[in-house]
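The numbering of the sequence shown is the UniProt record's numbering, which starts it at 3 and goes up by one.
Even glycine gets a Cβ: it sits at the ideal position worked out from N, Cα and C.
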Amino acid sequence: AALRDTLLQMPKAELHMHIEGSLEPELIFALAERNKVKLEYASVEELRTAYAFKDLQSFLDIYYAGASVLLTEQDFYDMTRAYLQRAHADNVRHTELFFDPQTHTERGVAFGTVVNGIDRALQDARKEWGLSGALIMCFLRHLSEEEAFATLEQALPYRDKFVGVGLDSSERGHPPEKFARVFARCKELGLRLVAHAGEEGPPDYIRTALDLLKVERIDHGVRCLEDAELTARLARDRVPLTVCPLSNIKLRVFDKVADHNLLKLLDAGLVVTVNSDDPAYFGGYVNDNFLQMFEALPLGREHAYQMARNSFSASFLDAAEKQKYL
Ligand code: ES4
Ligand code: ZN
3 AALRDTLLQM
13 PKAELHMHIE
23 GSLEPELIFA
33 LAERNKVKLE
43 YASVEELRTA
53 YAFKDLQSFL
63 DIYYAGASVL
73 LTEQDFYDMT
83 RAYLQRAHAD
93 NVRHTELFFD
103 PQTHTERGVA
113 FGTVVNGIDR
123 ALQDARKEWG
133 LSGALIMCFL
143 RHLSEEEAFA
153 TLEQALPYRD
163 KFVGVGLDSS
173 ERGHPPEKFA
183 RVFARCKELG
193 LRLVAHAGEE
203 GPPDYIRTAL
213 DLLKVERIDH
223 GVRCLEDAEL
233 TARLARDRVP
243 LTVCPLSNIK
253 LRVFDKVADH
263 NLLKLLDAGL
273 VVTVNSDDPA
283 YFGGYVNDNF
293 LQMFEALPLG
303 REHAYQMARN
313 SFSASFLDAA
323 EKQKYL
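Written out as structure tokens, the structure is:
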């Protein structure tokens with residue numbers, strides 16, 4: 003089959019997807035109407051036009067505004083259901099979803115409302131399509147560590163509904179060490195640990211995420227190549243990088259698809275995976291990320307299979323389930 007068909011059809015896992023970043027403008031407007039929430043934009047078209055970002059912060063401002071329409075458990079269900087349907091169409095067999103509870107609890111939405119709605123959609127996808135899912139709770143790094151601890155406290159009654167914790171939002175000026183104590187506590191609780199690092203922030207944030215937070219995967223991590231010693235360490239220790247190519251283009255980490263360092267990361271021997279990050283905002287779901295990168299860079303079938311294998315080996319599936327895909 004053509005390489006294109008291989009990319010579309012190969013079973014894959016998605017490991018870096020913010021569920022609030024899957025809210026399409028049409029659903030934002032439908033939920034705004036349903037919940038009588040006022041939006042700053044007059045139409046779906048006007049909102050979509052605002053999706054021209056100059057950096058991470060300009061995106062986050064719109065992303066948090068979009069999430070303001072989510073109020074009820076059914077809203078969280080509908081959002082997650084729509085993403086899972088798209089993921090299923092892309093032959094995603096397993097997905098590890100980030101969610102940002104603080105974005106919702108700050109607005110008075112209960113933690114349980116958020117997690118129960120998302121979880122019910124995950125259960126349905128497993129029953130209907132055999133698509134497995136797991137949740138990773140993210141702390142917003144622009145907020146304080148004290149607020150992260152308070153969120154962890156609210157999460158504890160739902161401990162069985164998520165497998166790990168992550169760190170997202172504005173990277174620059176909010177280094178990993180700000181969250182060292184709360185991550186240590188999460189590790190004691192048996193949670194898996196990941197963090198966004200080296201997206202906009204310097205390679206040093208990748209190093210401190212590993213050394214001080216003890217994370218098992220790095221989300222993004224594309225700036226590691228600026229530091230040869232760090233790159234060698236990531237390769238030697240087989241630390242997975244959850245790379246999100248279209249996100250990096252939209253947020254101007256790289257100017258154009260052909261400038262992305264995905265092939266250089268692979269050539270450095272790194273455990274690279276391809277993911278969609280915030281697909282409703284960045285112009286594509288996981289297969290669009292694969293297709294556009296393979297069109298722009300000299301990548302071949304072996305790279306495709308390698309990254310699909312990596313997505314399962316780097317997942318938090320248990321060993322027996324992983325084995326089915328490897
Ligand atoms: C995010 Cl692309 C990205 N980076 C950091 N935090 C985020 N939250 C949602 N998308
Ligand atoms: Zn992300």
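Judged by their CB atoms, Val165 and Arg128 are not nearer to each other than the 8 Å cut-off.
Here Arg143 is buried, its C-beta having at least 16 other C-beta atoms within 10 Å.
Taking the Cβ of Tyr65 as the reference point, at least one heavy atom of the ligand ES4 falls within a distance shorter than 7 Å.
By the Cβ-count criterion, Pro13 is exposed, with fewer than 16 other Cβ atoms from all chains shown falling within 10 Å of its own Cβ.
Exclusion of the five residues before and after Tyr287 leaves Arg88, Asp92, Ser278, Pro281 as the residues of its chain whose Cβ lies within less than 6 Å of its Cβ. Around the beta-carbon of Asp77, 16 or more other beta-carbon atoms lie within 10 Å, marking it buried.
The three-state reading of DSSP puts Thr97 in strand, counting E and B together. Looking only at Pro159, Lys189, Thr210, Ala152, the smallest Cα-Cα distance to Pro177 is reached by Thr210.
Residue pairing by DSSP places Ser60 opposite no residue, since no beta bridge is assigned to it. The three-state secondary structure of His198, taken from DSSP, is strand. Within the stretch 196-244, the runs of alpha helix (DSSP H) that reach at least 4 residues and sit entirely inside it are, in chain order, 205-210, 230-238. Going by DSSP, Thr74 is part of no beta strand (DSSP E) at all; its letter is neither H nor E. Contact between His20 and Asp102 holds: CB atoms are separated by about 7 Å, below the 8 Å threshold. The beta carbon of Pro242 is closer than 7 Å to those of Arg219, Val273, Thr275, Asn312, Ala316 in its chain, skipping five residues each way along the sequence.
Rounded to the nearest angstrom, the gap between the Cα atoms of Phe181 and Asp7 is 43 Å.
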